[in-house]
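The opening residue of the sequence shown carries number -6 in the numbering used here; numbering runs sequentially from there. Backbone N, C-alpha and C define an ideal beta-carbon position, used for all residues, glycine too. This structure is a prediction, so every number in the text was calculated from the model and none was measured.
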Amino acid sequence: MYSPGLEGNFRIYKGLGLQLGASVYFQDYNEAQIVNLTDGTFFNFYNANIGICHTRQLKGDHYFGMTLGAKMYYGPNFTQLSYYSAGGYPIYMDGSHLRVATGIDLGIYYSYRRTSLLLKYDTARNHFRFGVGFRFIKRPAAGG
-6 MYSPGLEGNF RIYKGLGLQL GASVYFQDYN EAQIVNLTDG TFFNFYNANI
44 GICHTRQLKG DHYFGMTLGA KMYYGPNFTQ LSYYSAGGYP IYMDGSHLRV
94 ATGIDLGIYY SYRRTSLLLK YDTARNHFRF GVGFRFIKRP AAGG
């Protein structure tokens, strides 16, 4: 399963901001490897998060930030049940049954110039996520 997404931190006041994110999922699977398969009809929506973020400039173009928010999953949650040794592959089941799972979303990020690195953890499914991103820098107006 692939689940690309977008996440953004929007500065509202000084170092404090709003954090929003969402992702979809694409399934590329072998039907013999899945016991049950639940598939959503809501454009393959996988998860979303909303929260607050705080960014602090360390030195020059180096920035460090933290995020805290709410996380919500709707998509599948595959768990390995066993390993089929004769076929040489694992057997999975979808434990979500397309029920909403909610939890807390925690993260830290580091930015240097326009490149950002992100590490997040959520309690909804106990997942760690890593991201690489692009920082849009607001330039001051000419003459002022």
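- In the three-state DSSP reduction, A79 falls in the coil class, being neither helix nor strand.
- A straight line joining the alpha-carbon of M65 with that of Y85 spans about 22 Å.
- In the DSSP assignment, F19 falls outside any beta strand (DSSP E) and carries neither an H nor an E.
- Within the region 54 to 131, the runs of beta strand (DSSP E) at least 3 residues long that lie entirely inside it are, in chain order, 55 to 66, 71 to 77, 82 to 87, 94 to 105, 108 to 115, 120 to 127.
- In terms of CA proximity to S109, T48 leads the group F38, T48, K7, D115.
- Burial check for K113: the Cβ neighbour count within 10 Å reaches 16 or more, so the residue is buried.
- Judged by pairs of C-beta atoms under 8 Å, the region 59 to 73 touches the region 83 to 98, as three or more such pairs exist.
- Contact between the region 56 to 64 and the region 95 to 102 is present: three or more C-beta pairs spanning the two stretches fall below 8 Å.
- Boundaries of the beta strand (DSSP E) harbouring A41: 38 to 52, taken from the DSSP string.
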